[in-house]
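Q: Just dropping this structure here.
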Amino acid sequence: MYLTSLGGNAIIAVIVKINHSLHTPMYFFLANLAVLEIFYTSSIAPLALANLLSMSKTPVSITGCGTQMFFFVFLGGVDCVLLAVMAYDRFIAICYPLRYTLIMSWPLCVELMVGSLVLGFLLSLPLTILIFHLPFCNNSEIYHFYCDMPAVMRLACADTHVHQTALYIISFIVLSIPLSVISISYVFIVVAILQIQSAEGHHRAFSTCSSHILVVFLQYGCTSFIYLSPSSSYSPEMDRVVSVVYTFITPILNPLIYSMRNKELKDALRRALSKF
1 MYLTSLGGNA IIAVIVKINH SLHTPMYFFL ANLAVLEIFY TSSIAPLALA
51 NLLSMSKTPV SITGCGTQMF FFVFLGGVDC VLLAVMAYDR FIAICYPLRY
101 TLIMSWPLCV ELMVGSLVLG FLLSLPLTIL IFHLPFCNNS EIYHFYCDMP
151 AVMRLACADT HVHQTALYII SFIVLSIPLS VISISYVFIV VAILQIQSAE
201 GHHRAFSTCS SHILVVFLQY GCTSFIYLSP SSSYSPEMDR VVSVVYTFIT
251 PILNPLIYSM RNKELKDALR RALSKF
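If you read the sequence shown in UniProt numbering, its first letter stands for residue 1, the second for the next number, and so on.
See below:
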């Protein structure tokens with residue numbers, strides 16, 4: 001699964017890079033999302049694979065666990081913000097097509113991308129530091145295949161109520177604000193699509209947006225289940241199952257979803273393959 005995710009997302013990033021026809025804001029964000037997915041899964045997969053392939057648990061230091069947690073939370077947060085940016089891009093493209101190139105200028109695209117990275121960093125670093133200031137018990141075995149926050153907090157020998165509240169608040173911010181932007185953008189997009197007279201215009205607009213909506217549903221649905229569920233209902237087994245979906249399966253599905261629903265990307269991929 002890891003190699004499939006790595007290959008699929010790398011192909012999208014390379015195809016966008018080498019095709020000048022795809023050098024538009026939409027594909028700029030899509031390529032960045034693909035690169036993010038590569039780093040996202042790479043922050044988890046090596047340790048997870050080591051645990052699966054070895055007969056015993058692979059030992060990880062506190063520093064190593066904290067580093068993995070930081071990058072996982074950081075990249076996951078950037079992923080959520082970037083999906084909101086992509087929804088805003090589609091909103092401008094469909095609702096203001098004549099002003100699209102003027103509004104979505106390259107400086108703005110770069111600023112939105114950098115802003116997503118900065119927000120992810122500012123949210124992940126304090127939370128990681130807060131969790132790893134907890135005193136941990138002698139039993140340091142994590143019932144998970146990576147250093148996820150709920151699993152790590154359950155090893156603490158102190159009251160984690162403040163930490164759980166902080167996790168809930170930050171998760172709510174990371175998920176609710178971008179999701180609100182996505183929802184509002186798509187309300188306006190649906191209204192604009194319904195006003196399009198041609199059937200071809202309807203199909204093209206829905207085709208462009210449906211892939212993004214499906215990715216949003218997968219990402220936000222799984223993440224909300226893990227981080228916004230009450231701690232009293234926490235189940236290590238269910239946590240691991242859902243985590244597999246959004247850390248391994250979703251990054252595999254993203255390239256397939258975007259490529260199958262996007263004619264320009266499929267044509268660019270076909271042209272690239274025809275050269276070999």
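Cβ atoms here follow ideal geometry from the backbone N, Cα and C, with glycine treated the same way.
Output the distance between the C-alpha atoms of Y27 and V16, rounded to the nearest integer angstrom.
A: Along the sequence shown, read from residue 1 onward, the residue named residue 27 stands at position 27. Along the sequence shown, read from residue 1 onward, the residue named residue 16 stands at position 16. So the two alpha carbons sit approximately 7 Å from each other.
Q: For T24, count neighbouring Cβ atoms within 10 angstroms of its own Cβ and tell me buried if that reaches 16, exposed if not.
A: For the purposes of this step, residue 24 is taken as the residue at position 24 of the sequence shown. So T24 ends up on the buried side.
Q: Indicate whether the contact test is met: 3 or more Cβ pairs, each with one atom in the region 110-128 and one in the region 65-73, closer than 8 Å.
A: yes
Q: Using DSSP with H/G/I as helix, E/B as strand and the rest coil, what is A13?
A: On the sequence shown, position 13 is the one that residue 13 refers to. Helix, per DSSP.
Q: Return no unless some Cβ of chain D is closer than 8 Å to the Cβ of A272.
A: Absence of chain D from the displayed structure is noted, only one protein chain being present.
Q: Should L82 and L22 be called a contact, given that it needs their Cβ atoms to be closer than 8 Å?
A: Counted from its first residue, the sequence shown places residue 82 at position 82. Counted from its first residue, the sequence shown places residue 22 at position 22. The answer is no: Cβ separation not under 8 Å.
Q: Taking F132 and A156 to be in contact with their CB atoms under 8 Å, please state how far apart those CB atoms are, rounded to whole angstroms.
A: One-based indexing of the sequence shown puts residue 132 at position 132. One-based indexing of the sequence shown puts residue 156 at position 156. The pair is not a contact, with the Cβ atoms about 10 Å apart (cut-off 8 Å).
Q: Helix, strand or coil: how does DSSP classify F136 here?
A: Stepping through the sequence shown from its first residue, residue 136 is reached at position 136. Looking at F136 - three-state DSSP - the assignment turns out to be strand.
Q: By the three-class DSSP mapping on this structure, what secondary structure does A156 have?
A: Numbered from its first residue, the sequence shown carries residue 156 at position 156. In the structure shown, A156 sits in a strand (DSSP, three-state: E or B).
Q: Leaving aside the five residues before and after M149 along the sequence, list all residues of the same chain whose C-beta is less than 8 Å from its C-beta, in chain order.
A: Against the sequence shown, residue 149 aligns to sequence position 149. Within the same chain, M149 has close Cβ partners M69, V73, L127, I131, L167, Y227.
Q: When you compare only the Cα positions, how much space is there between V85 and A13?
A: If you number the sequence shown from 1, residue 85 lands on position 85. If you number the sequence shown from 1, residue 13 lands on position 13. Between the alpha carbons of V85 and A13 lies a distance of about 18 Å.
Q: Going straight from the alpha carbon of I62 to that of C147, what length do you get?
A: As a first step, residue 62 is located in the sequence shown; it is residue number 62 there, counting from the start. As a first step, residue 147 is located in the sequence shown; it is residue number 147 there, counting from the start. Cα to Cα, the separation comes out at about 10 Å.
Q: Could you give the C-beta distance for I213 and C95, rounded to a whole number, given that I count them as a contact under 8 Å?
A: The residue labelled residue 213 in the question sits at position 213 within the sequence shown. The residue labelled residue 95 in the question sits at position 95 within the sequence shown. The Cβ separation is near 16 Å, so there is no contact.
Q: If you check the beta carbons only, do C80 and V174 fall under 8 Å apart?
A: Against the sequence shown, residue 80 aligns to sequence position 80. Against the sequence shown, residue 174 aligns to sequence position 174. Taking 8 Å as the cut-off, the Cβ atoms of C80 and V174 count as close.
Q: What residue range does the alpha helix (DSSP H) around L130 cover?
A: Taking the sequence shown and counting its residues from 1, the one referred to as residue 130 is at position 130. Where L130 is concerned, the enclosing alpha helix (DSSP H) stretches over 106-131.
Q: So what's S61 in DSSP terms, helix, strand or just coil?
A: Taking the first residue of the sequence shown as position 1, residue 61 is located at position 61. S61 falls in the coil class under three-state DSSP.
Q: Roughly how many angstroms separate the alpha carbons of A192 and L269, rounded to a whole number?
A: If you number the sequence shown from 1, residue 192 lands on position 192. If you number the sequence shown from 1, residue 269 lands on position 269. Approximately 30 Å between the Cα atoms of the pair.
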